[in-house]
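In what follows, a structure is listed as C-alpha coordinates, so that the remarks can point back to it.
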(Lines of atoms letter the chains of each structure in order from A; the text may use other names.)
(Lines give C-alpha, C1' and ligand atoms only; values in the text may rest on other atoms or scores of the structure.)
Protein backbone atom coordinates (compact mmCIF):
# COMPACT_ATOMS: atom_id res chain seq x y z
CA UNK A 1 0.00 0.00 0.00
CA UNK A 2 1.38 3.39 -1.01
CA UNK A 3 0.77 6.06 1.63
CA UNK A 4 1.41 9.76 1.01
CA UNK A 5 4.16 11.51 2.96
CA UNK A 6 2.36 13.96 5.23
CA UNK A 7 3.47 17.42 6.32
CA UNK A 8 5.09 16.57 9.66
CA UNK A 9 8.74 17.21 10.51
CA UNK A 10 8.88 14.02 12.56
CA UNK A 11 8.69 10.44 11.40
CA UNK A 12 6.62 8.12 13.56
CA UNK A 13 6.84 4.43 14.29
CA UNK A 14 3.51 3.06 13.09
CA UNK A 15 2.48 -0.58 13.42
CA UNK A 16 0.65 -2.11 10.47
CA UNK A 17 -0.93 -5.43 9.68
CA UNK A 18 -2.57 -6.90 6.63
CA UNK A 19 -5.58 -9.18 6.66
CA UNK A 20 -6.59 -10.58 3.29
CA UNK A 21 -6.44 -7.53 1.02
CA UNK A 22 -6.97 -4.87 3.72
CA UNK A 23 -4.39 -2.90 5.68
CA UNK A 24 -4.75 -1.89 9.32
CA UNK A 25 -2.88 0.58 11.52
CA UNK A 26 -2.47 0.29 15.28
CA UNK A 27 -4.19 3.04 17.29
CA UNK A 28 -2.25 3.80 20.49
CA UNK A 29 -5.28 5.47 22.09
CA UNK A 30 -7.85 2.73 21.47
CA UNK A 31 -5.19 -0.02 21.65
CA UNK A 32 -6.49 -1.83 18.60
CA UNK A 33 -5.90 -2.07 14.87
CA UNK A 34 -8.14 0.10 12.70
CA UNK A 35 -8.81 -0.04 8.98
CA UNK A 36 -6.19 2.13 7.29
CA UNK A 37 -8.17 4.76 5.40
CA UNK A 38 -6.66 8.03 4.13
CA UNK A 39 -8.37 9.92 6.97
CA UNK A 40 -7.11 7.41 9.55
CA UNK A 41 -3.56 7.87 8.20
CA UNK A 42 -3.87 11.60 8.97
CA UNK A 43 -5.43 11.03 12.42
CA UNK A 44 -2.71 8.57 13.43
CA UNK A 45 -0.03 11.14 12.59
CA UNK A 46 -1.70 13.62 14.95
CA UNK A 47 -2.05 10.98 17.67
CA UNK A 48 1.63 10.09 17.42
CA UNK A 49 2.55 13.79 17.32
CA UNK A 50 0.71 14.57 20.58
CA UNK A 51 1.98 11.42 22.31
CA UNK A 52 5.63 11.53 21.25
CA UNK A 53 6.44 15.17 20.44
CA UNK A 54 4.10 16.97 22.85
CA UNK A 55 4.31 14.22 25.55
CA UNK A 56 0.58 14.01 26.26
CA UNK A 57 -0.71 10.84 27.92
CA UNK A 58 -3.08 8.59 25.98
CA UNK A 59 -5.82 9.46 28.49
CA UNK A 60 -5.67 13.10 27.30
CA UNK A 61 -6.57 12.08 23.73
CA UNK A 62 -10.16 11.26 22.77
CA UNK A 63 -10.99 9.82 19.35
CA UNK A 64 -14.33 9.46 17.57
CA UNK A 65 -16.26 11.19 20.37
CA UNK A 66 -19.99 11.38 19.65
CA UNK A 67 -21.61 14.81 19.74
CA UNK A 68 -25.14 15.89 18.86
CA UNK A 69 -25.37 18.85 16.50
CA UNK A 70 -28.79 20.12 15.41
CA UNK A 71 -30.34 16.79 16.39
CA UNK A 72 -27.82 14.77 14.35
CA UNK A 73 -25.17 12.52 15.87
CA UNK A 74 -21.69 13.39 14.62
CA UNK A 75 -18.23 12.17 15.58
CA UNK A 76 -15.23 14.36 16.14
CA UNK A 77 -11.93 12.95 14.91
CA UNK A 78 -9.58 13.86 17.75
CA UNK A 79 -9.84 15.92 20.91
CA UNK A 80 -6.83 16.87 23.01
CA UNK A 81 -7.70 17.58 26.63
CA UNK A 82 -5.87 19.08 29.59
CA UNK A 83 -7.13 18.28 33.09
CA UNK A 84 -10.19 16.67 31.42
CA UNK A 85 -11.10 19.98 29.72
CA UNK A 86 -11.27 20.27 25.89
CA UNK A 87 -8.17 22.06 24.61
CA UNK A 88 -7.68 21.28 20.90
CA UNK A 89 -10.26 19.89 18.49
CA UNK A 90 -8.64 18.29 15.44
CA UNK A 91 -10.75 17.56 12.37
CA UNK A 92 -8.96 15.21 9.95
CA UNK A 93 -9.67 14.97 6.25
CA UNK A 94 -8.10 12.63 3.71
CA UNK A 95 -5.03 14.12 1.97
CA UNK A 96 -6.90 14.54 -1.33
CA UNK A 97 -9.69 16.59 0.33
CA UNK A 98 -9.24 20.31 -0.15
CA UNK A 99 -9.51 22.45 2.98
CA UNK A 100 -12.06 25.16 2.33
CA UNK A 101 -14.08 27.71 4.24
CA UNK A 102 -16.91 25.16 4.24
CA UNK A 103 -14.76 22.45 5.90
CA UNK A 104 -13.51 25.00 8.44
CA UNK A 105 -17.10 26.00 9.24
CA UNK A 106 -17.95 22.32 9.84
CA UNK A 107 -15.09 22.13 12.36
CA UNK A 108 -16.23 25.37 14.02
CA UNK A 109 -19.79 23.99 14.32
CA UNK A 110 -18.45 20.85 16.01
CA UNK A 111 -16.44 23.07 18.33
CA UNK A 112 -19.57 25.04 19.28
CA UNK A 113 -20.59 21.82 21.07
CA UNK A 114 -17.14 20.74 22.31
CA UNK A 115 -15.84 24.13 23.51
CA UNK A 116 -12.12 23.72 22.81
CA UNK A 117 -9.97 26.87 22.87
CA UNK A 118 -8.18 25.84 19.68
CA UNK A 119 -9.06 23.95 16.50
CA UNK A 120 -6.93 22.37 13.82
CA UNK A 121 -8.37 21.44 10.44
CA UNK A 122 -5.98 19.18 8.57
CA UNK A 123 -5.67 16.91 5.57
CA UNK A 124 -2.14 15.94 6.63
CA UNK A 125 -0.58 18.09 3.93
CA UNK A 126 -2.09 21.42 4.98
CA UNK A 127 -3.03 22.44 8.52
CA UNK A 128 -5.28 25.36 9.46
CA UNK A 129 -4.88 26.46 13.08
CA UNK A 130 -7.16 28.84 14.95
CA UNK A 131 -7.70 30.00 18.52
CA UNK A 132 -11.22 30.80 19.66
CA UNK A 133 -11.10 34.13 21.50
CA UNK A 134 -13.73 36.77 22.23
CA UNK A 135 -16.36 34.95 20.20
CA UNK A 136 -14.30 34.58 17.00
CA UNK A 137 -11.53 32.51 15.48
CA UNK A 138 -8.03 33.97 15.19
CA UNK A 139 -5.95 32.09 12.64
CA UNK A 140 -2.25 31.53 13.29
CA UNK A 141 0.79 29.64 12.02
CA UNK A 142 2.38 27.42 14.65
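Residue numbers (UniProt numbering): 1 to 142. Ideal placement from N, C-alpha and C gives every residue a C-beta, glycine not left out. Remember, it's a predicted structure, so these values are computed and weren't measured experimentally.
- Taking 4 residues as the minimum length, the alpha helix (DSSP H) runs contained wholly in the segment 64-128 are 101-114, in order along the chain.
- By the Cβ neighbour-count rule, residue 71 is exposed, with fewer than 16 other Cβ atoms within 10 Å of its own.
- By the criterion of a C-beta distance shorter than 8 Å, residue 6 is surrounded in its chain by 41, 42, 45, 95, 124 and 125, once the five residues flanking it on both sides are discounted.
- Burial is judged here by how many other beta carbons sit within 10 angstroms of a residue's own beta carbon; residue 93 has at least 16 and is buried.
- The closest CA to that of residue 86, considering only 31, 132 and 142, is found on 132.
- Three or more Cβ pairs drawn from the segment 54-67 and the segment 25-40 lie within less than 8 Å of each other, which places the two stretches in contact.
- For residue 138, there is no enclosing alpha helix (DSSP H); the residue is found in the beta strand (DSSP E) stretching over 136-140.
- In chain order, 41 place their CB closer than 7 Å to the CB of residue 3, counting only its own chain and leaving out the 5 sequence neighbours on each side.
- By the C-beta density criterion, residue 116 is buried, having at least 16 other C-beta atoms within 10 angstroms.
- Within the DSSP bridge table, the entry for residue 61 names 80 as partners.
- For residue 53 and residue 18, the gap between their C-alpha atoms comes out near 28 Å.
- When secondary structure is reduced to three states using DSSP, residue 35 falls in the strand class.
- With distances taken between CA atoms, residue 107 lies nearest to 69 out of 69, 134, 9 and 84.
- Approximately 5 Å separates the beta-carbon atoms of residue 120 and residue 90; this is inside 8 Å, confirming the contact.
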